[in-house]
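Residue numbers for the sequence shown follow this note's numbering, so the first one is 266 and each next one is one higher. Cβ coordinates follow ideal geometry from the N, Cα and C atoms, glycine included. Below you'll find the structure, written out as structure tokens, and then a few comments.
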Amino acid sequence: VKDLTRGAVRERHLAKALRMAVDSKADAIEDRLALYERIFGGQPLKSAPDNEAAVENEIRSKLLKAGGAAFVPEDPKAFLPMETVCQIIKAAGGIPTYPFLADDAKGNFTDFEGDLQKAADTLKKRGIKSVEFITTRNTTAVLEEYSGYLHDEGFIVTFGSEHNTPALEPIRLRTRDKAEGLSEKLRETNYRGACAVAAHQAGLDSIEAGDELICKTLGI
Numbered sequence: 266v267k268d269l270t271r272g273a274v275r276e277r278h279l280a281k282a283l284r285m286a287v288d289s290k291a292d293a294i295e296d297r298l299a300l301y302e303r304i305f306g307g308q309p310l311k312s313a314p315d316n317e318a319a320v321e322n323e324i325r326s327k328l329l330k331a332g333g334a335a336f337v338p339e340d341p342k343a344f345l346p347m348e349t350v351c352q353i354i355k356a357a358g359g360i361p362t363y364p365f366l367a368d369d370a371k372g373n374f375t376d377f378e379g380d381l382q383k384a385a386d387t388l389k390k391r392g393i394k395s396v397e398f399i400t401t402r403n404t405t406a407v408l409e410e411y412s413g414y415l416h417d418e419g420f421i422v423t424f425g426s427e428h429n430t431p432a433l434e435p436i437r438l439r440t441r442d443k444a445e446g447l448s449e450k451l452r453e454t455n456y457r458g459a460c461a462v463a464a465h466q467a468g469l470d471s472i473e474a475g476d477e478l479i480c481k482t483l484g485i
């Protein structure tokens, strides 16, 4: 694990380390499958053994998540107060941002995010004026509804991707139900968010200034 990280150990580091250990101990596919079945307490590996990203995700799901043999409950005392975290981010020149999950694959929402107006009001009270969505998690309809509402409420809205995983995901952002890319409305929302971030980084004070900066940088 020490060789895979610079000190901040995450689930993905542990899953990768275990997958590499299994690969090093079992050359034959049959031996790997048998070893994973032992590690998973009798459950067979569902992923293709040569699909590294899928295997690591399955390790996380079966061992490291709640109910798994290697699950470690979070200790609330290990986390800094939100106000302190926001102060650190601002002192470093960043923008405190809330990561919205929105709808999952079954159409469910977290208790906090289910009431969008209440969530927006709570974030404002906490001094958080920026939100980000991982677009592949959500349907186009929900993403348009949530991002549009939050934009109208004065939040900076940006979209991210799942490029923190071993999977070779496409660069083009897309929603869960639209593989070809984002809708025009979502692209406009995302660009306005990018302009706001660019303006912030340059010490400017408007989306329009951020737009000019981006266009100048790209030679548009």
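DSSP three-state call for residue i: helix, strand or coil?
| i | result |
| --- | --- |
| P341 | helix |
| V422 | strand |
| V236 | Outside the shown range of the chain, which is 266 to 485, sits residue 236, and nothing can be said about it. |
| K450 | helix |
| K443 | strand |
| F365 | strand |
| G468 | coil |
| V274 | coil |
| T387 | helix |
| G458 | helix |
| T375 | coil |
| Q352 | helix |
| I436 | coil |
| G413 | helix |
Just how far apart, CA to CA, sit residue i and residue j?
| i | j | result |
| --- | --- | --- |
| F365 | E473 | 25 Å |
| R437 | L469 | 28 Å |
| D268 | V274 | 11 Å |
| N322 | Q466 | 35 Å |
| A331 | E339 | 10 Å |
| L388 | A461 | 18 Å |
| A385 | E418 | 8 Å |
| L433 | R439 | 14 Å |
| A313 | G307 | 17 Å |
| E512 | K327 | The requested residue 512 is not part of the displayed model; the chain covers only 266 to 485. |
| S412 | Y363 | 12 Å |
| I485 | N455 | 18 Å |
| L300 | I324 | 12 Å |
| A291 | K383 | 52 Å |
| I354 | K342 | 20 Å |
| G358 | V422 | 18 Å |
| D376 | C351 | 23 Å |
From this set, the options, which residue's C-alpha is nearest residue i's C-alpha?
| i | options | result |
| --- | --- | --- |
| A286 | L381, V266, R275 | V266 |
| P361 | A280, M347, N429 | M347 |
| T430 | I304, L310, A319, E302 | A319 |
| D315 | R284, T349, F344 | R284 |
| G333 | F305, F377, D376 | F305 |
| E378 | L483, P341, E410 | E410 |
Would you call the CB atoms of residue i and residue j closer than 9 Å?
| i | j | result |
| --- | --- | --- |
| G475 | A463 | yes |
| L415 | L381 | yes |
| I393 | E427 | no |
| T404 | R441 | yes |
| E397 | F424 | yes |
| A367 | R402 | yes |
| F218 | S448 | Residue 218 lies beyond the stretch modelled for the chain, which goes from 266 to 485, so this question has no answer here. |
| E302 | P309 | yes |
| F486 | L345 | Past the boundaries of the shown model lies residue 486; the chain is included only from 266 to 485, so the question cannot be answered. |
Shorter than 9 Å from the beta carbon of residue i to some beta carbon of chain C?
| i | result |
| --- | --- |
| G307 | Considering every chain present, this structure includes no chain C. It has just one protein chain. |
Can you find at least 3 beta carbon pairs, one from the stretch 273 to 280 and one from the stretch 288 to 301, that sit closer than 8 Å? no
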